[in-house]
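In the working numbering, the protein residues as written are 18 to 404. The next block holds one structure in the form of structure tokens; read it before the comments.
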Amino acid sequence: MRSDKVSVIGAGIAGITTAYYLAKAGIDVEIIDREKHPAMGTSYANGGQISVSNSETWNSYRNIWKGIKWLTNKSAPLRINITPSWEKYSWLIKFLSEVPNADKNTIETCLMAIESRELYKKIEIEENISFDSVKKGILHFYKSQKEFNHALNANKIYSKAGLNREVLTIEEIHNLEPSLILHNIIGGLYTESDFTGDIHKFCQELANKLKKEYRVKVLQEEITSLKDIENLVVVCAGTGSKRLAKTVGDHLPIYPVKGYSITIKDPQKAPWVSLLDDEAKIVASRLGQDRLRVAGTAEFNGYNMDIPDERIQPLIDWVQNNSPDTNISNIETWTGLRPMTPNMMPIVRKSRKFSNIWYHTGHGHLGWTLSAYTAKTITEKIIKDLV
18 MRSDKVSVIG AGIAGITTAY YLAKAGIDVE IIDREKHPAM GTSYANGGQI SVSNSETWNS
78 YRNIWKGIKW LTNKSAPLRI NITPSWEKYS WLIKFLSEVP NADKNTIETC LMAIESRELY
138 KKIEIEENIS FDSVKKGILH FYKSQKEFNH ALNANKIYSK AGLNREVLTI EEIHNLEPSL
198 ILHNIIGGLY TESDFTGDIH KFCQELANKL KKEYRVKVLQ EEITSLKDIE NLVVVCAGTG
258 SKRLAKTVGD HLPIYPVKGY SITIKDPQKA PWVSLLDDEA KIVASRLGQD RLRVAGTAEF
318 NGYNMDIPDE RIQPLIDWVQ NNSPDTNISN IETWTGLRPM TPNMMPIVRK SRKFSNIWYH
378 TGHGHLGWTL SAYTAKTITE KIIKDLV
């Protein structure tokens, strides 16, 4: 790697947005990824939602209790493999210790997400890129009064960050999204300003812009160590960031939290308004005219990338139960590992040991939502540090 460049390691959403803001600032940038094309890892087929309305951190005794209850349920939304692992259990202990900070972290995350959402809109317009975005808002719906009450309480926290989700009746939900079956639904919360889009397509489109108009090189190379790197480097390698940081004595508190998705092609009468079923922990996002993305689950199972049928079937069943007119004859399955920190907050900082190494990772389930803001933030920090 040349010493006069800033090298961004990772061509997912965190890396592509970082390279974008660095290049816009006039900095010479190269992107390095082990894959031939951008966004082939966790940024390939996520839930598709840029969702300020889903900024609540997971640190709660309520979620921990759910995880315990679901230990033996192979199709549960939250699963923890109980096989002994120091990495996993030490992370979970730290996760528990962050419960008292959950409200504060939720407010901070929500503030970042609001800024990030506007930055994506700006990028879309200024760079004239298309990524099958659908701007019809996100509807959270509830079939349990207990879950709905919790969501209404979360609204009070969100309001402190300036987000106000609209409370909807069953009739209003039907008027908003007629394809959604109302059976057992008791209410909903709607955020009109949230939207969806294909993260993979966004990364590829923006990477092409960077190559053609900002003279950014995108290189295929697997980086296995940060030792002996003399130029400035920004590590945006998702769950792989932890391994790279370890090569120079840095510790990043990241654990891979596995998620699954299905992409339904030619969904026909599928919902157009994006959905989030809080109880099932499943999201559904329309990606343009021809695709519906359905995603969910949080699985603590190391770096395993298998796609077992019992994790995909609940997603298919969910579609059939909640939107039975959706055509499900053509489905593509996928899994990815979210780089999650114990406090659910992204890592956006310089190495504690080397002045030329920076980290931009750890966004968890909000990588798509937050990366524009955190990429702009780390760029500003780098520029300030270089002056």
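We put the CB at the ideal spot given by N, CA and C, even for glycine. None of the values given here were measured: they were computed from a predicted structure.
Check                                                                                                           : Outcome
Unbroken beta strand (DSSP E) run spanning Glu209, endpoints                                                    : Note, Glu209: premise wrong, no beta strand (DSSP E); not H, not E.
C-beta atoms of Ala28 and Val252 nearer than 8 Å                                                                : no
Nearest to Thr308 (by Cα), restricted to the options Phe148, Asn118, Thr256                                     : One point to set straight first is that residue 308 is Arg, not Thr, in the sequence displayed. Looking at the Cα atoms, Phe148 is the closest of the given residues.
Closest by C-alpha distance to Tyr231, when choosing among Ile48, Ala31, Ile26, Arg366                          : Ile48
Enclosing alpha helix (DSSP H) for Phe371 [first to last residue]                                               : From DSSP, Phe371 is part of no alpha helix (DSSP H); its letter is neither H nor E.
Selected residue, minimal CA-CA separation from Asp283, among Arg303, His268, Thr264                            : Arg303
Cutoff 6 Å; reference Ile279; Cβ partners in own chain excluding five residues on either side                   : Val311, Leu332, Ile348, Thr350
Unbroken alpha helix (DSSP H) run spanning His157, endpoints                                                    : Segment 155-159 is the beta strand (DSSP E) holding His157; no alpha helix (DSSP H) there.
Bridge partner(s) assigned by DSSP for Asp326                                                                   : BP columns for Asp326 are empty, so no partner.
Reference Leu292, options Asn339, Gly305, Met322, closest by Cα                                                 : Asn339
Close beta carbons around Thr213, own chain, < 6 Å, minus the five adjacent residues each side                  : Gly65, Gln66, Val151, Ser291, Ser302
Residue burial classification, Asn360 (beta-carbon count within 10 angstroms, cutoff 16)                        : buried
Proximity of Ile202 and Lys153 at Cβ, strictly below 8 Å                                                        : no
From Ser102, Leu39, Val404, Ser388, residue whose alpha carbon lies closest to that of Glu132                   : Ser388
Integer Cβ distance of Lys22 from Asp50, believed to fall under 8 Å                                             : Their Cβ separation, rounded to whole angstroms, is 15 Å, which puts Lys22 and Asp50 out of contact at 8 Å.
Residues near Glu115 in its chain [Cβ-Cβ closer than 6 Å; skip 5 each side]                                     : Asn76, Pro359, Asn360
7 Å CB neighbourhood of Lys83 in its chain, flanking five on each side removed                                  : Leu95
Val25 to Thr35 span [Cα, whole Å]                                                                               : 8 Å
Range covered by the alpha helix (DSSP H) that runs through Phe165                                              : 162-176
Rounded C-alpha distance that separates Met362 from Asn63                                                       : 19 Å
Segment contact, 8 Å Cβ cut-off, at least three pairs: the segment 170-186 with the segment 312-328             : no
Own chain partners of Ile110 with C-beta closer than 8 Å, once the 5 adjacent residues on each side are dropped : none
Continuous alpha helix (DSSP H) stretch holding Leu193: start and end                                           : 187-193
For Met357, the first and last residue of its enclosing beta strand (DSSP E)                                    : 348-357
Which residues DSSP lists as bridging Leu293, in chain order                                                    : His157, Val300
Sub-8 Å separation of Ala130 and Val69 beta-carbons                                                             : yes
Met18 to Cys127 span [Cα, whole Å]                                                                              : Its pLDDT being 38, under 50, Met18 is placed unreliably by the model, and the measurement read from it follows with that caveat. Cα to Cα, Met18 sits roughly 37 Å from Cys127.
Asn15 to His380 span [Cα, whole Å]                                                                              : The shown model of the chain, from 18 to 404, leaves out residue 15, and the question about it has no answer.
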